[in-house]
Amino acid sequence: MNESVLKFYEDFAGEYHLIFADWRKEVLRQGQVLDNLIREQLGETARTVLDCTCGIGTQAIGLASCGYGVHATDLSPTSIERARQEAQSFGVTLQFEVADLRVLDRHVTDLFDVVLSCDNALPHFLNNEDLSLAVDQMRAHLRTGGLLIASIRDYDLAVQERKRPLAMTAPLPGQQASPDNSRPTLPRVFDDDDGRRIVFQVWDWSDDGRFYTLNHFIMKQRVSEWKTTHLVTQYRALQRHELSEILRAAGFSEIHWHMPAESGFYQPLVTARKI
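The sequence shown begins at 492 in this note's numbering and counts up by one.
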């Protein structure tokens, strides 16, 4: 993890909700999806959750709305401050801390039934040493029998798609194909109370296909003008078998992947138990 990660989320905190059609509805929906998964894995006994990469509170507030006692931490002070404000607007109480996941024990001492990291946070750790530190900290804050839940992008699919030629069905006159290592996402267009906006990303892959620089764009229409927010950070294309191996090496067991079609969550989810 490098300094670009902190800057990315510090700058993103005020506009993070703009990547959703309705962020507040999504908070409640994701909370229900995760609640169902927790109940499926642990029954009715789980009541405490540590969300150790909470951002502005998307999953933490959702789970608090389902009745869980939630302690939420994040690297970004601005994200934590916004999460506090959003929790108040939802009428739920959470405990918040600013904390680097790799040294979580400096800030959090309790044990929890569930430790959570969603929204592709773990692939910010670009090497196995840092990722192992993060996973070890997550395990250290679980009660015996507790459940780890993490979500990452489907990098197994992304790595394969990167190898395919980039199709251009109707190129403009003189338009050049994107560089071999550059891949855009399809733009999403929103029209709502926040105005018209277009959200898309450009991924600039490393030559070996193991890492990429993410360029995140939010274009916002204001009357006749457009304002563009451009955010940059780095990710590792962490495939499922790689994360499973890290979890296994940390001492987790019962490691299972739950794909979106099964779980209802928008990214692949992994669950693992501390036995």
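Even for Gly, the Cβ is constructed at its ideal location relative to N, Cα and C. All figures in this text were calculated on a predicted structure; none of them were measured in a lab.
Note down the Cα distance separating I571 from D565, rounded to an integer number of angstroms. Here residue 571 refers to the residue found at position 80 of the sequence shown. Here residue 565 refers to the residue found at position 74 of the sequence shown. Rounded to whole angstroms, I571 to D565 spans 6 Å at the Cα level.
Out of N706, D542, A555, which has the shortest C-alpha to C-alpha gap to Q523? Walking along the sequence shown from the start, residue 523 turns up at place 32. It is A555.
Distance, D610 Cα to R630 Cα: The sequence position of residue 630 within the sequence shown is 139, counting from 1. The sequence position of residue 610 within the sequence shown is 119, counting from 1. One C-alpha to the other measures close to 19 Å.
Quick check: what's the CA-CA separation for T762 versus L639? Taking the first residue of the sequence shown as 1, we reach residue 762 at position 271. Taking the first residue of the sequence shown as 1, we reach residue 639 at position 148. For T762 and L639, the distance between alpha carbons rounds to 5 Å.
Assuming S623 contacts A512 under a Cβ cut-off of 8 Å, what Cβ separation, rounded to an integer in Å, is found between them? For this step, residue 623 is matched to residue 132 along the sequence shown. For this step, residue 512 is matched to residue 21 along the sequence shown. No, S623 and A512 are not in contact; Cβ-Cβ is about 37 Å, not under 8 Å.
Counted within 10 angstroms of its Cβ, other Cβ atoms place T536 as buried (16 or more) or exposed: The residue labelled residue 536 in the question sits at position 45 within the sequence shown. Looking at its Cβ environment, which holds fewer than 16 other Cβ atoms inside 10 Å, T536 is exposed.
So, H632 versus C543, is the Cβ gap smaller than 9 Å? Locating residue 632 in the sequence shown gives position 141, where the first residue counts as 1. Locating residue 543 in the sequence shown gives position 52, where the first residue counts as 1. It is a contact, given that the beta carbons lie within the stated cut-off.
Would a check of beta-carbon distances place L525 closer than 9 Å to chain C? Among the chains of the structure shown, chain C does not appear; only one protein chain is present.
Roughly how many whole angstroms lie between the Cα atoms of T660 and P678? By 1-based counting over the sequence shown, the position of residue 660 is 169. By 1-based counting over the sequence shown, the position of residue 678 is 187. Since pLDDT at T660 reaches only 43, below the 50 mark, its modelled position is unreliable, and the value read off the structure follows with that caveat. Approximately 16 Å, taken between the alpha carbons.
If you pair each beta-carbon of the region 698-710 with each one of the region 594-602, do three or more pairs fall below 8 Å? no
Coil, strand or helix - A504 by DSSP: Sequence index remark: in the sequence shown, residue 504 carries index 13 (1-based). Correct three-state label for A504: coil.
Figure out for me which residue from Q725, W696, D695, V680 has the closest Cα to the Cα of I689. Here residue 689 corresponds to residue number 198 of the sequence shown, with the count starting at 1. Cα-wise, what sits closest to I689 is V680.
Straight-line CA distance for E736 to K654? For the purposes of this step, residue 736 is taken as the residue at position 245 of the sequence shown. For the purposes of this step, residue 654 is taken as the residue at position 163 of the sequence shown. Using only the alpha carbons, I get a separation of about 25 Å.
Scan the region 611-699 and note each continuous beta strand (DSSP E) run of 3 residues or more that stays entirely inside, going in chain order. 633-642, 673-675, 679-683, 686-696
DSSP state of H598 mapped onto helix, strand, coil: As a working mapping, residue 598 is identified with position 107 in the sequence shown. Coil.
Return the first residue and the last residue of the alpha helix (DSSP H) that A563 is part of. For the purposes of this step, residue 563 is taken as residue 72 along the sequence shown, with counting starting at 1. A563 -> not in any alpha helix (DSSP H); beta strand (DSSP E) instead, spanning 560-565.
Straight-line Cα distance separating A578 from T584: Looking up residue 584 in the sequence shown gives position 93. Looking up residue 578 in the sequence shown gives position 87. If I take the Cα positions, the gap works out to 7 Å.
Ranges of the beta strand (DSSP E) found wholly within the region 733-764, counting only runs of at least 3: 744-749, 760-764
Only counting the same chain, and skipping five residues up and downstream in sequence, which positions put a Cβ closer than 7 Å to that of E745? What you label residue 745 is simply residue 254 of the sequence shown in a count that begins at 1. Cβ neighbours of E745 beyond the five flanking positions: A763, R764.
Answer yes or no: do G553 and V518 have a C-beta to C-beta separation smaller than 9 Å? Locating residue 553 in the sequence shown gives position 62, counting from the first residue. Locating residue 518 in the sequence shown gives position 27, counting from the first residue. Yes, they are a contact pair.
Whole-number beta carbon distance between V606 and L525, since they are thought to touch under 8 Å: Taking the first residue of the sequence shown as 1, we reach residue 525 at position 34. Taking the first residue of the sequence shown as 1, we reach residue 606 at position 115. With a Cβ gap of about 12 Å, L525 and V606 do not count as contacting.
For a quick check, are the C-beta atoms of I728 and W748 less than 9 Å apart? Within the sequence shown, the letter at position 237 stands for residue 728. Within the sequence shown, the letter at position 257 stands for residue 748. Note on residue identity: the sequence assigns Ala, not Ile, to residue 728. Their beta carbons are not under 9 Å apart, which means A728 does not touch W748 by this criterion.
Could you compute how far the alpha carbon of P662 sits from the alpha carbon of H732? As a position in the sequence shown, residue 662 is number 171, starting the count at 1. As a position in the sequence shown, residue 732 is number 241, starting the count at 1. Annotation note: pLDDT 44 at P662 (below 50); position unreliable, no value reported.
Hey, out of T720, A649, V723, D684, whose CA is closest to Q758's CA? The sequence position of residue 758 within the sequence shown is 267, counting from 1. The shortest C-alpha separation from Q758 is found at A649.
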